[in-house]
Each structure stands twice: as C-alpha cells, then as structure tokens.
Ligand SMILES: Nc1ncnc2c1ncn2[C@@H]1O[C@H](COP(=O)(O)OP(=O)(O)OP(=O)(O)O)[C@@H](O)[C@H]1O
Ligand SMILES: [Mg+2]
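Residue numbers (our numbering): 2 to 265.
Printed below as a string of structure tokens:
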C-alpha cells in the first residue's frame with residue numbers, strides 16, 4: 002500500500018534448531034507506524050521469529066533490517082515484550098518500568114521521571130511505588146508494556162501480551178494498546194492466538210503454518226479506524242476472520258483423517 006521505506010524487513014530469514022526447521026526462509030516488510038499481527042498454530046515459529054527480530058537469536062539464514070540498517074543478531078534495536086514476560090516482584094512498578102535503563106548501568110533521574118509520566122499517562126500513576134503483587138493481571142500487563150515503551154524503540158514486538166487475561170480485561174487492554182499506538186506512532190508486531198484480536202487490532206494479519214514454520218498468507222484488514230466495538234459483529238469482520246480460519250484449518254493435522262468437507 003505504502004511507498005514509505007520499510008521500518009522493519011526480514012529477508013530470507015530462517016532458523017533451525019538441530020534437525021528442526023523452526024522457520025523456513027521468510028520475507029516480511031513492515032511500514033513505519035503499521036500494526037501487524039502474527040497468528041498461527043503453536044510451534045509454528047512465531048516466538049522464534051520474534052527472538053530473531055529482537056536480535057537475541059541469530060538466524061541460521063537471512064537478515065533483519067530496521068530502517069534499512071542490518072541489525073541481524075543485534076539486540077536492543079527494537080522493544081520486545083516476551084511471551085512470558087515477568088515483572089520482577091522485588092522491584093516497584095516504577096523500577097520495573099525503568100528496568101531497561103537500570104540494566105544499562107542505572108536509570109537517570111530523567112528516566113525515572115519519564116517512567117512516572119508514562120505510568121500517569123496510562124492510568125497507573127497511583128501505583129508507581131507499589132510492588133507487582135498489589136496489581137491486577139491487567140495492570141501487570143500494562144506495566145510490562147510500559148517497560149517495553151520506556152525502551153524508546155520505534156518498533157515494538159509483543160508476543161501474546163494479553164494471553165493470560167479474561168475476555169473483558171483483554172478487550173480493555175486492546176483498546177488501551179490502540180490508544181498507545183495511536184498516540185506514540187510506533188510500529189507494532191503482535192503475536193496472538195486469538196483471531197478476533199488479530200483482526201480487531203491490525204492493519205495486516207500474517208498467517209503462519211507449521212513444519213517448517215513459514216508465512217502462509219498476509220491479509221489486509223480494510224476496516225476503517227477508529228474501530229468501534231460494533232465492528233466486531235459486521236459481515237466485513239466475519240469475512241476476514243473466516244478467511245484466516247480457513248487458511249489455518251486447511252493445514253491443521255487431520256484428526257480422524259479423510260474428512261471430505263472443508264471449512265470450520
Ligand atoms: N531453544 C530451542 N531449542 C530447540 N527447539 C526449539 C527452541 N525454541 C523453539 N524450538 C522449536 O521451534 C519450533 C517453533 O517454536 P516457537 O517457540 O517459535 O513456536 P511459537 O509459534 O511461538 O509457538 P507458541 O504459539 O506455542 O508460543 C517448535 O518446534 C519448537 O519446539
Ligand atoms: Mg511463542
């Protein structure tokens with residue numbers, strides 16, 4: 002759609018763990034400010050792809066670039082919220098938010114002030130000196146996201162950030178994330194198992210398939226923004242969801258093999 006230079010680009014990125022091909026050669030280009038979700042069955046290589054983009058895993062093939070610079074195998078170029086992102090229970094909310102700076106040698110006063118401002122802006126101003134144990138699940142997720150935001154990277158990788166939340170909290174968090182995204186104009190790549198979530202949030206949805214993990218299709222979500230709750234029940238929304246499910250189930254292992262009919 003856009004002629005802007007890529008914010009993030011994967012070219013022929015692949016990875017194997019011993020004999021296991023976790024990711025077949027993969028190309029993906031993401032524009033500045035885009036919101037892209039990645040869906041696909043467990044084990045199809047989503048987290049592997051994120052670890053490679055984040056530079057914590059060096060791929061066995063291909064290269065990753067951010068703003069046209071080769072960052073393959075280089076950590077710290079993008080903000081990354083891991084699939085199992087734990088807050089440190091012995092650190093306060095503020096200390097958790099500025100953890101990135103702390104690990105780099107100590108959070109400055111300015112960085113701490115920014116951390117407080119971030120917490121205030123996103124509704125946790127009263128909790129900066131609390132410990133994670135005093136927070137609800139949704140609040141903890143927000144702190145983990147703020148910690149990712151506080152790394153000041155244009156690209157954010159979020160690996161199933163809302164996976165553990167109940168559906169109402171999850172929906173509130175989705176709204177919150179969209180407001181953060183609109184305000185901060187970052188580029189977001191988001192892994193989820195929830196197809197509704199992927200469609201609701203994204204400009205494009207990347208559908209992956211396993212063995213070896215690869216991108217099967219990339220779908221545009223042409224639903225205008227802002228997206229009201231009511232868009233979740235429109236035929237347009239259902240059609241995209243259906244298309245994604247068809248791609249995923251087309252390749253699903255055939256339990257009770259030989260089922261002639263296609264579809265859900
Ligand atoms: N450190 C590792 N050593 C060996 N194999 C690994 C390692 N990490 C991942 N794998 C394998 O690579 C494949 C892809 O794993 P990955 O974690 O990327 O999947 P995923 O799509 O994130 O799955 P999920 O949806 O369950 O989080 C799997 O077959 C997995 O067993
Ligand atoms: Mg994963």
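Even glycine gets a Cβ: it sits at the ideal position worked out from N, Cα and C. Please read these numbers as outputs of a predicted model, since none were measured by experiment.
Residue ranges of each alpha helix (DSSP H) run of no fewer than 4 residues wholly in the region 51 to 88, ordered along the chain? none
Does the Cβ of residue 85 lie closer than 7 angstroms to at least one heavy atom of ligand 1? no
Based on the DSSP output, what are the partners of residue 131 in its beta bridges? BP columns for residue 131 are empty, so no partner.
Does at least one heavy atom of ligand 1 sit under 7 angstroms from the Cβ of residue 45? yes
Under the three-state DSSP convention, the category residue 224 falls into: coil
Can you tell me the Cβ-Cβ gap for residue 210 and residue 62, rounded? I've got them flagged as a contact below 8 angstroms. In fact, because the Cβ distance is near 19 angstroms, the residues do not count as touching under 8 angstroms.
C-alpha gap between residue 32 and residue 154, whole angstroms: 15 angstroms
Smallest Cα separation from residue 143: which of 80, 113 and 163? 163
Would the region 184 to 196 count as touching the region 10 to 20 if we require 3 or more Cβ pairs under 8 angstroms? no
Rounded C-alpha distance that separates residue 264 from residue 248: Because residue 264 sits at a pLDDT of 40, beneath the cut-off of 50, its placement in the model cannot be relied upon, and the following sentence gives the value as read from the coordinates. About 9 angstroms.
Out of 233, 104 and 148, state which residue places its alpha-carbon closest to the alpha-carbon of residue 125. 148
Assuming residue 222 and residue 203 are in contact, meaning their beta carbons sit under 8 angstroms apart, how far apart are those beta carbons, in whole angstroms? 5 angstroms
Smallest Cα separation from residue 157: which of 67, 23, 58 and 46? 67
Among the residues of its own chain, which have a CB less than 6 angstroms from the CB of residue 259, if the five just before and after it don't count? Legend: pLDDT at residue 259 = 46, less than 50; position of this residue unreliable, value from coordinates given subsequently. Around residue 259: no qualifying Cβ.
Own chain partners of residue 22 with C-beta closer than 7 angstroms, once the 5 adjacent residues on each side are dropped: 213
Tell me, please, which residues DSSP counts as bridged to residue 190. 37 and 158
Any heavy atom of ligand 1 closer than 7 angstroms to the CB of residue 48? yes
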